[in-house]
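Engineer: Before I ask anything, let me first share the structure, which is written out below as structure tokens.
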Amino acid sequence: GESVGLHLPTLSVQEGDNSIINCAYSNSASDYFIWYKQESGKGPQFIIDIRSNMDKRQGQRVTVLLNKTVKHLSLQIAATQPGDSAVYFCAEKGSGGSNYKLTFGKGTLLTVNP
Amino acid sequence: NAGVTQTPKFQVLKTGQSMTLQCAQDMNHNSMYWYRQDPGMGLRLIYYSASEGTTDKGEVPNGYNVSRLNKREFSLRLESAAPSQTSVYFCASSEWVPPYNEQFFGPGTRLTVL
């Protein structure tokens, strides 16, 4: 079946540094990807998305990179702040009959040290 | 604009008891979803409703039933709760415009089955 996974389960960075969170996906037909942030005790919150016809997309302090050749997705957070501490999930949208479904990775815990 | 709301926030059940988790959204979205989140497992889809009047099974539907009451509301029922159903349950909604499927999540219901 299709799967989305993460290379690093935990990441610890210093405040002000840049963070990079990685994700591998297995379905080459997936056409849409999302990064979510989940703070403790809350529901996932949308950060940024990217279509499969793009390689890069930038938001406010965040950038998502998509490498379809190796089926790899990354989230870059610039000038990481303590408020960025959370679990980050990547998700891919299925194709064909699974068009409505998002498949989530297991998540990476980002800890920002002051 | 409350987004996605869920009730209750917390619930403790005994094995064999039944209960219904409620979800409502005020964004006029067509699609709604129920996920469960377990440590180290990420988010797994239980059931979804692509549009009012339709429901479909996700990855882990056993032991659950759903009702799409109207466009706003989507409930999840546990007929005979089991300890394996101890989890955090999230409801989400989206307006699917291909290929985009940004899902908006509620705050979650933390369920413990003893």
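These protein sequence lines map, in sequence, to chains A and B.
Reminder that position 103 of the first sequence reads as 107 in our numbering, one-by-one numbering, no gaps.
Reminder that position 66 of the second sequence reads as 271 in our numbering, one-by-one numbering, no gaps.
Just so it is clear, CB atoms sit at the ideal spot from N, CA and C, and this is done for glycine as well.
Note that the coordinates shown come from a computational prediction; the quantities given were computed from them, not determined experimentally.
Taking C-beta pairs closer than 7 angstroms, name the residues in chain A that B/A255 reaches, listed in chain order.
Structural biologist: Y104
Engineer: Name, please, each residue of chain B whose Cβ falls closer than 8 angstroms to the Cβ of A/Y92.
Structural biologist: By Cβ distance, chain B contributes nothing, its closest Cβ being about 11 angstroms from A/Y92, past 8 angstroms.
Engineer: Which value, in whole angstroms, describes the spacing of the CA atoms of B/T317 and A/N71?
Structural biologist: 40 angstroms
Engineer: Terminal residues of the continuous beta strand (DSSP E) containing B/D243?
Structural biologist: Per DSSP, B/D243 belongs to the beta strand (DSSP E) from S236 to D243.
Engineer: If the cut is a Cβ gap below 9 angstroms, which residues of chain A does B/E278 touch?
Structural biologist: Ordered by position in chain A, no residue passes the 9 angstroms Cβ test against B/E278, which lies about 17 angstroms from the chain.
Engineer: Enumerate in chain order the residues of its own chain whose CB-to-CB distance from A/N117 is below 6 angstroms, with the five nearest sequence positions on each side excluded.
Structural biologist: Q18
Engineer: Give the range of the beta strand (DSSP E) segment to which A/V91 is assigned.
Structural biologist: Start and end: A90 to K97.
Engineer: Taking B/N275 as the query, report the chain A residues whose CB atoms sit under 8 angstroms from its CB, ordered along the chain.
Structural biologist: Result: empty, since nearest Cβ-Cβ is about 19 angstroms, beyond 8 angstroms.
Engineer: Measure from the alpha carbon of B/L250 to the alpha carbon of each residue in B/Q211, B/G258, B/H234 and B/A297, then state which is nearest.
Structural biologist: B/A297
Engineer: What is the rounded straight-line gap between the Cα of B/A255 and the Cα of B/G247?
Structural biologist: 22 angstroms
Engineer: Beta-carbon separation of B/S285 and B/G221 under 7 angstroms?
Structural biologist: The answer is yes: Cβ separation under 7 angstroms.
Engineer: Relative to the C-alpha of B/R315, which residue among B/N270, B/D243, B/E278 and B/S272 is closest?
Structural biologist: B/D243
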